[in-house]
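Going by my numbering, the residue at position 81 of the sequence shown is 80; the numbering climbs one at a time, nothing skipped.
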Amino acid sequence: MDKQLKQHILYWENAALKDWRTAEDLFKTKHYDACLFFCHLTLEKQLKGLVVKNRQQAAPYLHNLEKLAELADLEFTLEQRNNFREITKFNIAGRYGDIKRNLYKLADRSYTENYLNITKRLFLWLKKQYQKN
C-alpha cells in the first residue's frame with residue numbers, strides 16, 4: 000500500500016475518533032439529536048477508511064452505512080446490518096427541517112443512550128477490522 004493511501008486511511012480513522020468524542024460530549028450536555036448525528040458521522044468515517052484500506056481506492060460520496068460496509072467487504076451480522084440502517088437515518092434527520100424536528104422529539108436520553116451504546120459496539124468492532132489483512 001502506498002503512502003498516500005495510508006495517509007488517507009489514517010485521516011478517516013482520526014476523523015472518526017474525533018466525531019466519536021464529540022458524540023459522547025453532546026450526550027453529556029443533553030444535545031441528544033446532535034449526538035445521534037455524530038454517531039452516524041463516526042461510523043461513516045470509520046467505514047470510509049475501511050473502503051480505502053480494503054479496496055485501495057478513495058471512498059465514495061455516500062452516507063449509507065450499510066452500503067459502505069458492503070463496499071468495505073465486511074462480513075457483518077443481521078443485527079449489525081439493521082443497526083447500520085437505523086443509524087443511517089440519523090444523518091438525514093440531522094440535516095433537514097421537519098425531519099430534524101421529528102428526531103429532536105424522538106431523541107430523549109434513553110433513546111439516545113441506546114444508540115450511543117450501539118454505536119460504541121460498532122465503533123470498537125470496526126476498529127478491529129482495521130487490523131485484519
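C-beta atoms are modelled at their ideal positions from N, C-alpha and C, and glycine is treated no differently.
The three-state reading of DSSP puts residue 3 in helix, counting H, G and I together. Taking a 10 Å sphere around the C-beta of residue 116, we find fewer than 16 other C-beta atoms and assign the residue as exposed.
When secondary structure is reduced to three states using DSSP, residue 32 falls in the helix class. DSSP places residue 57 outside both helix and strand once states are collapsed to three, so it counts as coil. By the Cβ neighbour-count rule, residue 110 is exposed, with fewer than 16 other Cβ atoms within 10 Å of its own.
Just measuring C-alpha positions, the residue of 19, 119, 131 and 10 sitting nearest residue 71 is 131.
With fewer than 16 other CB atoms across the displayed protein chains lying within 10 angstroms of its CB, residue 57 is exposed. According to the DSSP assignment, residue 111 belongs to the alpha helix (DSSP H) that extends over 108 to 128. The alpha-carbon of residue 84 is positioned some 31 Å away from that of residue 0.
Residue nearest to residue 5 within the set 41, 49 and 82 is 49 (criterion: CA-CA distance).
Residue 22 sits close to residue 38, with the two beta carbons spaced by under 7 Å.
The Cβ atoms of residue 47 and residue 11 sit closer than 7 Å to each other.
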